[in-house]
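Taking it in order: structure first as structure tokens, then the write-up.
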Amino acid sequence: MRRVLALMAAIALTGALVISAAAAPAVTPTRGGTLIVGSGVDAVTLDAPMITDSPSATVSEHMVESLYRLTPEGRIVPMLALGHTVSADGRTWTVRLRTGVRFHDGTPFDAEAAKFNLDRMLDPATRAPFRFLISRITSVTVVDSSTIRLVTDAPFAPLLAHFTHSSVGMQSPTAVRRLGVDYARQPVGTGPFRFKEWVRGDRVVMTRNDDYWGEKAFLDEVQFRVIPDDGARVAALEAGSIHVAVRVPPREIERLKTARDFTVSVTDSLRTIYVGFNVTRPPFNDVRLRRALNHAVNKRAIVAGALYGTARVSDAPIVPAVEGYSKIMTYDWDLERAEALLREAGFSRARPLRAVFLHPSGRYIRDAEIAASIQGLVRRAGIELELRTMEWGAYLALTNRPQPENDVQMYMLGWGTVTGDADYGLYALFHSSQWVPTGSNRSFYKNERVDALLDRGRITVDQAERNKIYAEAMKTIMDDAPWLFLHSESQVTGIRHVAQGVIVHPAERVELFKAWLRR
Amino acid sequence: MWAYITKRLLLSVPVILGVAFMVFAMVRVLPGDPARIIAGEAATQEIVEGIRKDMGLDQPLLRQFATFAMSVLRGDFGRSVRSKAPVGGEIAARLPNTIRLATAGLGIAVLVGVSAGVISAIRPYSLIDTAVMLVALAGLSMPVFWSGLMLILVFAVWLKWLPAVGTGGIEHLVLPAVTLGMSTAAIIARMSRSSMLEVLRSDYIRTARAKGLAEAAVVNRHAFRNALIPVITVVGLQMGTLLSGAVLTETVFAWPGIGRLLVEGILARDYPIVQASVLVVAMAFVMVNLTVDVLYAVVDPRIHYD
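From first to last, the protein sequence lines are chains A and B. Numbering-wise, the working numbering puts 399 at position 385 of the first sequence, and it's gapless, one number per residue. Numbering-wise, the working numbering puts 196 at position 194 of the second sequence, and it's gapless, one number per residue.
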């Protein structure tokens, strides 16, 4: 009897052990190994202020750090800065910097180095594409070796969020000066990994920075490999040649669900996809027609059909992860409503609304398929769209012409609010001072109320107050419907089980700072 | 012979200059502003104008060409407008990959193609001929992005014999070379077959057979060599094409070669990259053509250049 009890106890115990092991795999990360990420395109440049694309930023951020960092959860936390204070008039910022930090080449990171980097980005001769993020700064002064003071021409609330942007990265002044234009191919920052080599069109290799100021990385080496073909990238993941595959085609998710060696993760992105109307020219200078199109398109069907569910129907011009977001509205899919609006505006089945719809192909996830879906969906409401698929360069040139010569009627684009702050996601797109070619307002949208609200959002420091301002602005924008509001993209990433701690950041980055390889 | 080669090389100078000017003009005629593409859709106009100025795009076209031609003559292709990397280095990094892939692919193609063609020609309209030509037709019709993926699926994902993509040792070269070789082999096979058939029907072959030579000797010594001329022409043309980059194969196998560099350069309106890549390709064609002409003389004693 006692033996039976003992046996039962033993079974119960081991059972409990197995369960606890499954519930909380308390595995300690192991050091070492090389983790390989398969990316769709090569980095373009690794000189932080010159970066405009997320593949370059992904690589860069492992080596070059900014003053602040946007966490995957959307919080702004100090990175190379320790903290800051803002003067009562909101125009003077004092930023305290982390001490004892050195760049990979041994140059100390101090106030001088921070000033050098900010001045470099502000210098118009640098041609930094994202200069506008910090262009309100009129002077940068060194207070002491670990403090800088910034003066802006007006209070500028989004500054902290903008400091998280990879293009405001802190790079070694010594290296930048010494290497000049060649710096772009051998960056020197303060990050957890240091640059090793860049085989153009093939791979970027980095090794662990053993002198890192923070928690050191586990991996000996990380490689970002270029595998342009979607199918080949997935095959390389299946074959085990790479550990992480970015931009897995959504149609593969179902098939890959049964895979034993890796999982496919779907992560929100900060990128909103929309169709813009030129609101200054017929036919879309009539708000009824813009609303009619918004009602005529079944956004849910596009997300479910064209994107296999890997997207989120927009309920605001920006996504929830962005500071300043609030849920505004979604135009219901309502063909009767759409037809009523069309009739009011003088169109009918006999005299259908016709327009030319420009769209890129291969720029955004399934963009051409989505454009075709829109064409098919609005036809049911009696709207005839003529699709024009365009190569990206030609497309940008065409949609970027100034208003008097811009005869684009409808165009599809995406916008990633990578600073995680509403100002970046709204100002450049809807403020009337930002009409192309000056900014990115390609709809030539102008509403004085929206202008005033967006201006106020910039100078209001209190976040609760800012949220209210942006909610108000977005309500007006959505009511005016300068866009056909579609969806925000998701990132579909394949990750092998041996690769642990890989983070897919909403700003379309793969982060390996804390990643490790299971043995 | 040497006089001929020198003359041909000298003649190629105006050809290459012409190509240079045409490419120079063509990239600028393309819609799309390189400065805008580099700066991205978010940058302000001020930045875009600045980049245009840095690139010298605000200068008159002829002056731009003069600047370009002068620096090329000095051996300086300039810097990529996107990555700021010297174009010469970009090409030097990729050219060996392209040459490796082209040579391996063509090697497979010639080996497979010529043997298949000859075998077919010896037994025309037989079962083996039909089978070989059917396979050749399939090889010719299969798009590289499909056949390449199938090879990856079978040999990398299922069998795990070979790496899926990328460069490295000889094992990395096998799949892309076979993929590339397959379609080229098909072309060569069809060409060798028809050329061989024609030769086998000629009078001197009948004579050779009549005087009692063994069939193997007839085919190998008499027919094959004479059938080679059109095959060499096709191989030369294919070599030129392969050297100009097999974009699809390079894309599927993540092979960093000239083809992808050129296509990515065009998409980004990276003028210096496009100009230099096309120049290199043009030079490759000139060299291959010259080699083919010289080979004619080697293979066929009736051909000689004075």
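In this text, a Cβ means the ideal position worked out from N, Cα and C, and glycines have one as well.
Residues of chain A with CB closer than 7 Å to the CB of residue i, please, in chain order.
| i | result |
| --- | --- |
| B:SER197 | Those within 7 Å of B:SER197 in chain A number zero; the least Cβ separation is about 36 Å. |
| B:GLU92 | ARG214 |
In chain B, what lies closer than 8 Å to residue i by C-beta?
| i | result |
| --- | --- |
| A:THR66 | ILE40, ALA41, GLY42, ALA44, ALA45 |
| A:LEU410 | GLY34, ASP35, ARG38, ILE39, GLU43 |
| A:ARG141 | ALA41, ILE49, GLY52, ILE53, ASP56 |
| A:ALA198 | SER85, LYS86, ALA87 |
For a test of the three-state rule: what should DSSP assign to residue i, helix, strand or coil?
| i | result |
| --- | --- |
| A:LYS210 | strand |
| A:ALA35 | Residue confidence for A:ALA35 is low, a pLDDT of 37 falling below 50, so the modelled location carries little weight; the figure read from the coordinates is stated next. Correct three-state label for A:ALA35: helix. |
| A:LEU367 | strand |
| A:VAL156 | strand |
| A:HIS309 | helix |
| A:PHE130 | helix |
| A:ASP435 | strand |
| A:VAL78 | coil |
| A:ASP196 | helix |
| A:VAL524 | strand |
| B:TRP4 | helix |
| A:ARG163 | strand |
| B:PRO98 | helix |
| B:ILE231 | helix |
| B:LEU129 | helix |
| A:HIS118 | coil |
| A:GLN505 | strand |
| A:HIS373 | strand |
| B:GLN47 | helix |
| A:THR281 | strand |
For residue i, return the contacting residues in chain B, with the cut-off set at a CB-CB distance below 7 Å.
| i | result |
| --- | --- |
| A:VAL58 | ARG84, SER85 |
| A:PRO520 | Those within 7 Å of A:PRO520 in chain B number zero; the least Cβ separation is about 17 Å. |
| A:TRP406 | LEU269 |
Below 9 Å on C-beta distance, what does residue i contact in chain B?
| i | result |
| --- | --- |
| A:ARG239 | VAL167, GLY168, ALA256 |
| A:PHE291 | None at all; the shortest Cβ gap to chain B is about 17 Å. |
Select from the options the residue whose C-alpha is nearest the C-alpha of residue i.
| i | options | result |
| --- | --- | --- |
| A:ALA466 | A:SER454, A:MET488, A:ASP476 | A:MET488 |
| A:ASN292 | A:ARG261, A:TRP429, A:TYR226, A:VAL422 | A:VAL422 |
| A:GLN389 | A:LEU307, A:ASP346, A:ARG83 | A:LEU307 |
| B:LEU148 | B:PRO178, B:ALA104, B:VAL120, B:LYS213 | Residue identity check: residue 148 of chain B is Trp in the sequence provided, not Leu. For the residues B:PRO178, B:ALA104, B:VAL120, B:LYS213, the minimum Cα distance to B:TRP148 belongs to B:PRO178. |
| B:ARG81 | A:THR344, A:ASP435, A:ARG199, A:ASN312 | A:ARG199 |
| B:SER279 | B:TRP4, B:VAL15, B:LEU64, B:VAL74 | B:VAL74 |
| A:LEU270 | A:THR59, A:ASP103, A:THR507, A:VAL512 | A:THR507 |
| B:VAL50 | A:SER502, A:GLY515, A:ARG415, A:VAL516 | A:ARG415 |
| B:LEU13 | B:PRO303, B:ALA299, B:LEU292, B:LEU297 | B:LEU292 |
| B:TRP4 | B:VAL296, B:ARG304, B:ASP302 | B:VAL296 |
| B:ASP302 | B:MET241, B:HIS224, B:LEU164, B:ILE110 | B:HIS224 |
Answer with buried or exposed for residue i, where buried requires no fewer than 16 other C-beta atoms within 10 angstroms of its C-beta.
| i | result |
| --- | --- |
| B:ILE172 | exposed |
| B:GLY20 | exposed |
| B:PRO88 | buried |
| A:ARG128 | The amino acid occupying residue 128 of chain A in the given sequence is Ala; Arg does not appear at that position. Under this definition A:ALA128 is a buried residue. |
| A:ASN461 | buried |
| B:LYS9 | exposed |
| A:GLY183 | buried |
| A:GLY97 | exposed |
| A:TRP497 | buried |
| B:ILE39 | buried |
| B:ILE260 | buried |
| B:GLY77 | exposed |
Indicate whether residue i and residue j have their beta-carbon atoms separated by less than 8 Å.
| i | j | result |
| --- | --- | --- |
| A:ASP410 | B:GLY34 | It should be noted that the sequence gives Leu, not Asp, for residue 410 of chain A. A contact, by the Cβ cut-off of 8 Å. |
| A:SER53 | A:ILE65 | no |
| A:VAL370 | A:MET404 | no |
| A:THR121 | A:SER186 | yes |
| B:PRO274 | B:ASN99 | no |
| A:LEU284 | A:ALA330 | no |
| A:ILE287 | A:GLU503 | yes |
| A:VAL278 | A:VAL262 | yes |
| B:LEU245 | B:ALA286 | yes |
| B:VAL137 | B:MET193 | no |
| B:LYS326 | A:ALA253 | With chain B running from 3 to 308 in the structure shown, residue 326 of chain B is simply not present. |
Anything in chain A within Cβ reach of residue i, meaning under 8 Å, just list it in chain order.
| i | result |
| --- | --- |
| B:VAL159 | ALA249, GLU252, ALA253 |
| B:LEU155 | ALA249 |
| B:LEU151 | ASP243, GLY245, ALA246, ALA249 |
Taking residue i as the query, report the chain A residues whose CB atoms sit under 9 Å from its CB, ordered along the chain.
| i | result |
| --- | --- |
| B:LEU263 | ARG214, GLY215 |
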